[in-house]
Amino acid sequence: MTIWNYVVTAHKPTNVTHSCVGNFTSPQDLNLIIAKCTRIEIHLLSPQGLQPMLDVPIYGRIATLELFRPHGEAQDYLFIATERYKFCVLQWDSETGELVTRAMGDVSDRIGRPTDNGQIGIIDPDCRLIGLHLYDGLFKVIPFDNKGQLKEAFNIRLEELQVLDIKFLYGCSKPTIVVLYQDNKDARHVKTYEVALKDKDFVEGPWSQNNLDNGADLLIPVPPPLCGVLIIGEETIVYCSANAFKAIPIRPSITKAYGRVDPDGSRYLLGDHTGLVSLLVIIHEKEKVTGLKIEPLGETSIASTISYLDNAFVYVGSSYGDSQLIKLNLQPDAKGSYVEVLERYVNLGPIVDFCVVDLERQGQGQVVTCSGAYKDGSLRVVRNGIGINEQASVELQGIKGMWSLRSSTDDPFDTFLVVSFISETRILAMNLEDELEETEIEGFCSQVQTLFCHDAVHNQLVQVTSSSVRLVSSTTRDLRNEWHAPSGYSVNVATANATQTISVRIFSLPGSESHHKGTIRNNRREIILSSCAFEGISYLLCALGDGHLLNFMLNTSTGELTDRKKVSLGTQPITLRTFSSKNTTHVFAASDRPTVIYSSNKKLLYSNVNLKEVSHMCPFNSAAFPDSLAIAKEGELTIGTIDDIQKLHIRSIPLGEHARRICHQEQSRTFAICSLKYNPASGEDSEMHFVRLLDDQTFEFISTYSLDTYEYGCFIISCSFSDDNNVYYCVGTAYVLPEEMEPTKGRILVFAVEDGKLQLIAEKETKGAVYCLNAFNGKLLAAVGQKIQLYKWVLRDDGTHELQSECGHHGHILALYVQTRGDFIVVGDLMKSISLLIYKHEEGAIEERARDYNANWMSAVEIVDDDIYLGAENSFNLFTVRKNSEGATDEERGRLEVVGEYHLGEFVNRFRHGSLVMRLPDSDVGQIPTVIFGTINGVIGVIASLPHEQYVFLEKLQSNLRKVIKGVGGLSHEQWRSFNNEKKTVEARNFLDGDLIESFLDLNRSKMDEISKALDVSVEELCKRVEELTRLH
Amino acid sequence: MDSLLGNWPSFDPHNFSQLRPSDPSSSSRMTLPTYHPTHSRTLPAPDQVISTEAKNILVRHIYQHAEEKLKPKRAASDNLLPDHGCKQPRVSS
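Top to bottom, those sequences are chains E and U. The numbers in the UniProt record's numbering rise by one with no breaks, and the one at position 75 of the first sequence is 75. The numbers in the UniProt record's numbering rise by one with no breaks, and the one at position 7 of the second sequence is 7.
If you want it as structure tokens, here you go:
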């Protein structure tokens, strides 16, 4: 039992919530700044496109992101407000490359009702004040003084209670806001107010407009010379100012994003909820607005934010699909679209469900997520490590080495593949039909093992054997010269470049002597050296015979070795080979745990290759198989291409519809999903709901079951029942009728996969939505509305089966999430946190054993072990509770004790037991149990249960890291991680922030030394311990 | 339509001029270095740590109205008291 948890991000948030463009890093720079909930990204526009600059973690959920230019400044400042009412103003120091905090503060109020429609943060175009709408009925003002400094904030009472949008108007002598609001008869209006700074009050503004489009939702302020405001409704767009009122009807749509194109405010890009981007133009003559015009341009991802960049390029940020870089063309394409998508940027959000499967049966979990929404729905396969795409393979036993050679010095492609065995060498080559066939190089000695081969200058090849070095013409293949080893000697190790062949000895390595101590076993303690440059930095890599790798920074002029690091890459001797992928240097470490070593942001990274054991490898860049690798594994030689080198590899399967639940069935090699498809083209929105069967390799739809009208698929599991050898998919549904507040009817559907088709075997009607299903004691446990219901699978007289109710348990508000372990049932309730039930076999009854009496609105639950249960709730917190079986009284035993609390900052939709990485029996971290979670912002995270001793050590490390790594904008990590909901805020306990802990590896040496001194642990030991944790994800 | 498109604003005509797009059918992930500030300028000058004025909005409103009521009052006249100096005669024994 362990209550100590380590929370770490495997995949960062990718949902784009805000974006803005301005001169942030320099007056001459044009920057795109993107917010992804808890992170901002700073990009520089360049001739090559968007140049990534920085990823900045923010200790808060970003509610507002605005660039503004204070009086007298040459560069823009960045205003950030968080959902927990903190704000900061950031400036970029271009000399140091640092973000400097110009101002910060807490603008929360003790009394106030958080605004229902979300926070609003706006800045007066003339930088006289910042306006915030955080609480209904209040408008908060942070004034600027005439030097651009902020002053004390104050509140003004705002009469409008249902505010939809507020913006500052341009061109007003006094700061003026326009408020879009809904009255208590559900009519929508706009009104303007001047902010009287001296009186700290509103004065009635220059104009107002009543009775707008009932779907009016968005205000767009128009800069000079036109000024005024655009009001975007579902059926109408209105331009309104003191002098003019213009309206045009539009195709019914919900506009959620806009980007201004022109500095004079005459053109705007609008993105709607179907991903259609339109150009809205204000027609004007002599600074007088005469009309509006709107033209559809084309389809993009459903935009949450649109930023015009430069030269007809536009950034489309998305919450429901991948974000995109698009170009606006002057001429339409074949489909009539003016929009050209040039880049797509991964967005996994929202992850509404996922499963963990080993699709390639390599012993490592892959996460398959239901991602995206509406037309941008997809499945994503997320895998740690690098995959090899096999193109050709041949059975060959006993490979001892492999090298690729060219047929001439100037040939850009490899032609020969030399494969070495114990007592012979064979040559494979690409023939004119681009097939791999055996061939000969006459000048090579083929009756012995080859130790090394390399291309040499002047159309020559070099072969090194234990007794000789041979120089061979690559064109005629004849022997040109040969050097013989002196009698009694043999060559053991060799390497070469194009002009030299060398063998080397190093008598000692700095700091490595001690690692040679210990019992010498059968395997020789060989050292294989490789010097290579990554991102312009030279390293010396030393592979030891025991599977460890040392790396040093190498000063190529002095030969000095510094910054020694040691990592474990397996248990067998390693061979190293350099190769190139996408014009970047990589090193392949072949062993029982093959790894690719590469550099990213001046840091060496290790990514495992999804192969069991690789004995040898070499690059093989042939015309038929460009940029391929030749890989020798047990009994087989494979040629294949390598996936993009990344820690996590993501494969996207677009569905064109919204997948909401997913399950894998090993026996039938299928996935099943619950999905819904929107048909906006059919007049009014209509939805169709399906259960679909997919092949688990190709992800093709192979069978579909249509649910009834209004019937939603809520859950799906694969399970079997007592006394029945079949495996079934069970689907829980709900009839979501427009007139019902809560579904009163649902079904449980039992499917078998027969001949690749979903066959409905049984169905059971329920008196409520089936929110969750579990296989339980050979039966089916269902969460139906406010009830937990247990069904058994009963054989009828006619030989068919049916679900028959056995027993149930009432007492929940809504039982949304259920997990089981043995006879115990853990229930996550809509409002009443977690309760623990137990099934009593003999009595056929389910009883409550204990509950957490906090009022947590749950979003996910999981069982960590027999006594510890993990929950996520809708204020973005994680917590753990413990069963107290040894309590002295019934009351004590009936209470689940809260033993851990932590603010994750993410809405978790699903926990699953599992691991993204291979679990290795000899590794320390391999024994740590882990839970994977998926969130609305597309985060994939890992929660690991740690032993207490490790937790205590890491807690000290975290505490010291807080002092060294500051929060951007002055935001506090301690406050950020405090558990916080409407009722309470308490310090985080028994959870560690793995993102902060693993940032230790990004520090420079002097900062590492600082922490090492404080903890009295060496830097090497700290790096080793933290690096091991990075292998959890 | 032709008159609406085109003339797209340009801050630097070289921006995106050498863009080589990746395969748009596959998503890419930009790799950005993570920023970990270790410098001391994450905190602003003390007078730039902003909070909301403590006075409650309703109290402020009441005070403003109270001040308004006081302003137009006339100055008290000098002869409010009657000549005899008493509001009513006291009974003397």
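All residues carry an ideal CB built from backbone N, CA and C; glycine is no exception.
Check: In chain E, which residues lie with their C-beta within 7 Å of the C-beta of U/V49?
Finding: M104, G105
Next item on the list: Starting from the C-beta of E/Q324, find all residues in its chain whose C-beta is less than 6 Å away, skip the five residues before and the five after it, and write them out in chain order.
Entry: T300, S301, V316, V341, R344
Item checked: Rounded Cβ spacing between E/R660 and E/L676 (contact assumed at less than 8 Å) -> A Cβ-Cβ separation of about 7 Å places E/R660 in contact with E/L676 under the 8 Å criterion.
Check: Can you find a CB in chain E that lies within less than 7 Å of the CB of U/Y63?
Finding: no
Checklist line | Residue span of the alpha helix (DSSP H) that contains E/D1009, given as start and end | finding: Its alpha helix (DSSP H) spans residues 1005 to 1015.
Check: With a cut-off of 8 Å, do at least 3 Cβ pairs link the segment 875 to 883 of chain E to the segment 898 to 914 of chain E?
Finding: yes
Margin query: Please state whether the Cβ-Cβ distance between E/V753 and E/G768 is less than 7 Å.
Written below: no
Check: Would you call E/I254 buried or exposed, if buried means 16 or more other Cβ atoms sit within 10 Å of its Cβ?
Finding: exposed
Note to self: For E/M104, which residues in the same chain have their Cβ closer than 8 Å to its Cβ, ignoring the five residues on either side in sequence?
What the structure shows: Leaving aside the five residues that flank E/M104 on each side, the residues in its chain whose CB is nearer than 8 Å to its CB run, in chain order, K86, F87, C88, V89, G969, G970, L971.
Item checked: Pick from E/Q958, E/A244, E/Y308, E/L280 that is closest to E/T290, judged by C-alpha positions -> Comparing Cα-Cα distances from E/T290 to each of E/Q958, E/A244, E/Y308, E/L280, the minimum goes to E/A244.
Check: Skipping 5 residues on each side, what residues in its chain have a beta carbon closer than 7 Å to that of E/D1016?
Finding: none
Margin query: Using a Cβ-Cβ cutoff of less than 8 Å, which residues in the same chain neighbour E/L1022 once the five nearest sequence positions on both sides are dropped?
Written below: L957, F1000, M1008, I1011, S1012, L1015
Notebook entry, point to check: Alpha carbon to alpha carbon, what distance is there between E/R480 and E/Q500?
Noted result: In this predicted model, E/Q500 has a pLDDT of only 48, less than 50, meaning its place in the structure is not dependable enough to derive any value.
Note to self: Our contact map puts residue 1034 of chain E next to E/H484 with C-beta atoms below 8 Å; I'd like the distance itself, whole angstroms only.
What the structure shows: Residue coverage of chain E in this structure runs from 1 to 1033, which leaves residue 1034 of chain E outside it and unanswerable.
Note to self: Using only the alpha-carbon positions, how far apart do E/I220 and E/R251 sit?
What the structure shows: 19 Å
Next item on the list: Flag U/T42 as yes if its beta-carbon sits less than 7 Å from any beta-carbon of chain E, otherwise no.
Entry: At least one chain E Cβ lies under 7 Å of U/T42.
Notebook entry, point to check: Is any beta-carbon of chain E found at less than 7 Å from that of U/P9?
Noted result: Yes - at least one Cβ of chain E is within 7 Å of the one on U/P9.
Next item on the list: For the segment 151 to 163 of chain E, enumerate the residues whose C-beta is nearer than 9 Å to any C-beta of chain U, in chain order.
Entry: K151, E152, A153, F154, N155, I156, R157
Next item on the list: Report the residues of the segment 621 to 635 of chain E with a CB closer than 8 Å to any CB of chain U, ordered along the chain.
Entry: none
Checklist line | Residues near residue 1087 of chain E by beta carbon distance below 8 Å, same chain, minus five either side | finding: Any question about residue 1087 of chain E goes unanswered here, given that chain E covers just 1 to 1033.
Next item on the list: Please list the segments of the alpha helix (DSSP H) lying wholly inside the segment 111 to 174 of chain E, counting only runs of 4 or more residues, in order along the chain.
Entry: none
Next item on the list: Could you tell me whether the Cβ of E/E41 comes closer than 7 Å to any Cβ of chain U?
Entry: yes
Checklist line | Per-residue DSSP class, three states only, for E/D995 | finding: helix
Next item on the list: Grab me the residues of E/I399's own chain with a C-beta within less than 8 Å of its C-beta, minus the 5 sequence neighbours each way, in chain order.
Entry: V419, S420, F421, S615, H616, A632, L637
Checklist line | Identity of the residue in E/E1027, E/Q48, E/G994 nearest U/P13 by Cα | finding: E/Q48
Check: Among the residues of its own chain, which have a CB less than 7 Å from the CB of E/F68, if the five just before and after it don't count?
Finding: D76, Y77, F79, I123, C127
Next item on the list: Could you work out which residues of chain U lie near E/F313, taking near to mean beta carbons separated by less than 9 Å?
Entry: Neighbours of E/F313 on chain U, chain order: W8, N15, F16, L19.
Check: Exposed or buried, E/E41, counting other C-beta atoms within 10 Å across all chains shown (16 or more means buried)?
Finding: A residue is called buried when at least 16 other Cβ atoms come within 10 angstroms of its Cβ; E/E41 meets this threshold and is buried.
Next item on the list: Taking U/P46 as the query, report the chain E residues whose CB atoms sit under 8 Å from its CB, ordered along the chain.
Entry: By Cβ distance, chain E contributes nothing, its closest Cβ being about 11 Å from U/P46, past 8 Å.
Next item on the list: Could you please give the first and the last residue of the uninterrupted beta strand (DSSP E) stretch that includes E/T766?
Entry: 757 to 766
Checklist line | Residues of its chain near E/R796, where Cβ-Cβ distance is below 8 Å and the 5 sequence neighbours each way are ignored | finding: E802
Note to self: If distances are taken between C-alpha atoms only, which option among E/F933, E/V861, E/M858, E/Y853 comes closest to E/L896?
What the structure shows: E/Y853
Checklist line | E/R524 to E/Q28 span [Cα, whole Å] | finding: Low confidence applies here, because E/R524 scores a pLDDT of 34, under 50, leaving its location unreliable and the question unanswered by this model.
Next item on the list: Step through the CB atoms of chain U and report whether any lies within less than 7 Å of the CB of E/V100.
Entry: yes
Note to self: At a CB distance below 8 Å, what residues from the segment 296 to 312 of chain E approach chain U? Give them in sequence order.
What the structure shows: Y308, L309, D310, N311, A312
Notebook entry, point to check: Taking only runs of the beta strand (DSSP E) that begin and end inside the segment 773 to 804 of chain E, which ones reach a length of at least 3 residues, in chain order?
Noted result: Segments of the beta strand (DSSP E) lying fully in the segment 773 to 804 of chain E: 779 to 784, 787 to 795.
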